[in-house]
Amino acid sequence: MSKETLVQEETARIEDDPRTVRLAKRAELYTAGEDPYGHAFTVTHHVDELEAKYANLAAGERTEDVVAMAGRIMAIRNQGKIMFMVLREREGDIQLFCRVNELGDEAFSRMTNFDLGDWIAVTGTILRTKRGELSVAVTSFELMSKSIRPLPEKFHGLTDKETRYRQRYVDLVVNPQVKQVFINRSKIISACRTYMAQEGYYEAETPILQEIMGGANAKPFITHFNALNQECYLRIATELHLKRLLVGGMDRVYEIGRIFRNEGMDLTHNPEFTTMEAYCAFSDLAGMKQLCEGFVKAGLHAVCDSEIITYQGTSIDLSGEWRSVSMAELVSEVVGETVDIDTPPETYHLIFDRFGLEWKQDWGSGKLMFELYDELCERTLVNPTFVCDYPVEVSPLAKRKPKDPRLTDRFELVIAGHEYANAFTELNDPVDQESRFAAQMEAKRHGDEEAMEYDTDYVRALEYGMPPAGGIGIGIDRLVMLLTDSVSIRDVLLFPHMRPERNTQRSAAIDGEGVMSTAGEKTTATAAPEGDVSLPDSATGTTCATKPTTEAATVSDVEAIDSPWKKVPAPQPGDQLDAGISRDKAFELLKEHNKDAFHIEHGQTLEGLMRYYAAQFDPDNIEFWGIVGLLHDLDWEEYPDGNDHTVKTAEMLLPLGVNPQLVRAIQTHNFDWNKALPAPEAKMEKVLFACDELSGLIDACVMVRPSRSVQDFSLKSLKKKFKTKSFAAGCDRDQITHGAELMEMDLDEWFTSVIAAMKEIDPNKDSFSAE
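Just so you know, we're using full-length UniProt numbering here: the sequence shown kicks off at 1 and counts up by one.
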């Protein structure tokens, strides 16, 4: 190959790489003595001001008014001696009108070297083009920051959820509606702070690092304070420190701040979140209702013109005085008969059975009433409703009602089926508080990781005397979701928590989508066959089989293994796939290697799920997807070791002439355990990975329901069991979470999808044979 050809090919390669081209432009600027990263610039006008001031400027009319603006280039159209740009600044977009006659040849030539995404500052005069576009006729300019990475392509934009959350800085640039959400968040919080000040509340700042875990029942994050050689918790609530201030005479206090709970993530939960807690001396629940309504409406008025809003397609009326109703009254409305704290448990049991809900023998009437409310009532509340009179069984730290100590002075604000606020008449009896702390410590000794610790100093503070008070906590993130019509809490958090990105030293453990996998146990909710290590599950009466404690393949192991399966290409969209084995032969093979009925049923469940999703994503290959699901755990009963699982499946299937891509797909679902195996890459592989553990958890949930049917199973029930780590403990919650991320969905979205799929396939599990 000639030298000229090599030069041409290298030039073409560079031109095809926008980042390389931009780096070259940056180098040229430095060579020419220009700094591509400018300094301070005085901005005189913003887009909204100009649009208002020149609203009556006629098309084709030009002014001599000089403006100075700065922003990012979002569009460029070069027409030779005239060039148009779109400049995006803090208040919106404006067109730049650039002419060689006004700028001069040299300056105009420099301007043509700008790229999309560059930050520039311009000075010019205002005109309206003949087409009616308000513009700045540029007379001078300055490059403020050279953009090295190109922005996402204009028409497709940045649509991948994970990339949007991880690279929020790009999301804000290319999706103006996202930027507006966070501008509105700022306005909402500012308005709420102003409201609290007007109501006479002092804003406090309480410790984030705390010696004692208190104020809520939650699992904390733990850290170490080096200077004091002391273990500390990140706070799970601000309550106890704020109430200490009531003791000290600060009669109205509040805090808007971050809370940290080491728990799961879903559409409405994030481990790091923002709350407002407030406490008012000599107030009660009535006072807290007024405060809550005023607080929410202050945020509403900051971003909405009407008190009637739309949230996810549902109209919600926030106007007027909000409804207050007892829990017993709500439950009675929904179940069709009058129930309350005096209703005997036996009557509640009949109602639970009628609605296909599970109950426990040791639940009293208060707990049973609450569970009915939680399962059946909360989701029916659309307009704001204060739900009052919670049973003491589910409100251990609330003050009892004087007229009925079985109930508490507590309410929750529910809007659109979700809780937004929780309020109490605060407990101020130090002896009662001391006994409740003791009960919490007893629960902790029995394994309750979320039980509060004994706060001796707080009891001491109460002994000095705390005035009667009302207290409330409001979820700021959920409030912002409501007022910005955002479906997920991640949509209102600038930088939500994500799995580590793949460009790390652990790159061998990462899949092709930029999601790092978490090494975990491959588990199935079932009775463990002989030889398995199994974990008894007291909640279900079943066991969850887990891999024996053999050493998993590490990253260094992966680097030393030349895995043939990583060389088998993943199926591509549009491929016509032949399994190389019939469905009936595959089913006979499954029964040959698995004698436990559950394992066979689990294979059939995965077959049904794979067929269900193939109909959505790859309708030409439904049979192929189904066989992948049917055989995904072919070797599990005989080879439950994590490093053998699916490897032995390959040894069983390949001599039969099975398509290697089918074997590869099966092996990807064990990637979290054995990094020598290929990571899920194709949609089929991701679906298999995401369905496997989750379907096992759903099956375990269904088995403890009175109906033993998935048809009456709800998202709320699944979420409760998912959070209860002792239930079906062998079902790997981390792998389930990873699966949802592979599907580019929040947990709630993926849970809802798989529940619907399992309801669809439930009657058809045995209908896939050719007979």
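All residues carry an ideal CB built from backbone N, CA and C; glycine is no exception.
- Here residue 425 is bridged, per DSSP, to 470.
- Going by DSSP, residue 691 is part of the alpha helix (DSSP H) stretching over 683-703.
- The alpha carbon of residue 117 has as its nearest neighbour, out of 144, 100, 264, 498, the alpha carbon of 144.
- Residue 628 is positioned such that its CB atom lies closer than 8 Å to that of residue 662.
- Annotated as distal: residue 202 and residue 265, with beta-carbon spacing of 8 Å or more.
- In the structure shown, residue 202 falls within a strand segment according to DSSP collapsed to helix, strand and coil.
- In its chain, beyond the 5 residues on either side, 385 have a beta carbon closer than 6 Å to the beta carbon of residue 323.
- In the three-state scheme derived from DSSP, where H, G and I count as helix and E and B as strand, residue 621 is classed as helix.
- Around residue 739, the same chain offers 686, 689, 690, 691, 692, 693, 694, 750 as residues with beta carbons nearer than 8 Å, after the five sequence neighbours per side are excluded.
- In the DSSP assignment, residue 414 forms a beta bridge with 385, 419.
- Relative to the Cα of residue 83, the nearest Cα in the group 113, 55, 444, 56 belongs to 113.
- The three-state secondary structure of residue 315, taken from DSSP, is strand.
- Non-local C-beta neighbours of residue 410 in its own chain, meaning closer than 6 Å and more than five positions away in sequence, comprise 390, 395, 398, 424, ordered along the chain.
- Look at residue 269 here: in three-state DSSP terms it is strand.
- With respect to the 8 Å criterion, residue 428 and residue 469 are classified as neighbours on the basis of their beta carbons.
- Residue 485 places its beta carbon less than 8 Å from that of residue 310.
- In the DSSP secondary-structure assignment, residue 278 is bridged to 254, 472.
- Residue range 92-99 is occupied by the beta strand (DSSP E) that includes residue 95.
- The same chain holds no residue with a CB closer than 6 Å to that of residue 647 once the five nearest residues on each side in sequence are set aside.
- The way I'd put it, the stretch 275-290 does touch the stretch 237-248; three or more beta-carbon pairs between them come closer than 8 Å.
- If you look at residue 66, you'll find it in the beta strand (DSSP E) that goes 62-78.
- Our two residues, residue 659 and residue 617, have alpha carbons roughly 20 Å apart in a direct line.
- Between the C-alpha atoms of residue 640 and residue 653 there is a straight-line separation of about 17 Å.
- One Cα belongs to residue 345, the other to residue 400, and the distance between them is close to 21 Å.
- The C-beta of residue 149 has fewer than 16 other C-beta atoms within 10 Å across all chains shown, which makes the residue exposed.
- Residue 52 and residue 733 have their C-alpha atoms roughly 54 Å apart.
- Per the C-alpha coordinates, the member of 98, 574, 205, 696 positioned closest to residue 728 is 696.
- Using a Cβ-Cβ distance cut-off of 8 Å, the stretch 188-198 and the stretch 170-180 are not in contact, since fewer than three pairs of beta carbons, one from each stretch, lie closer than that value.
- When 302, 87, 455, 207 are compared, the shortest CA-CA separation from residue 258 is found for 207.
- Under the DSSP assignment, residue 736 falls outside any beta strand (DSSP E), being part of the alpha helix (DSSP H) whose first and last residues are 733-742.
- Between the stretch 324-342 and the stretch 370-386 there are three or more inter-stretch CB-CB distances shorter than 8 Å, so the stretches are counted as touching.
- Between the stretch 97-105 and the stretch 60-69, the count of C-beta pairs closer than 8 Å stays below three; the two stretches do not touch.
- Under the three-state reduction of DSSP output, residue 604 falls in the helix class.
- Shown here, residue 674 sits in a strand according to DSSP, grouped into three states.
- Of all alpha-carbon atoms in 87, 318, 457, the one lying nearest the alpha-carbon of residue 134 is that of 87.
- Per DSSP, reduced to three states, the secondary structure at residue 750 is helical.
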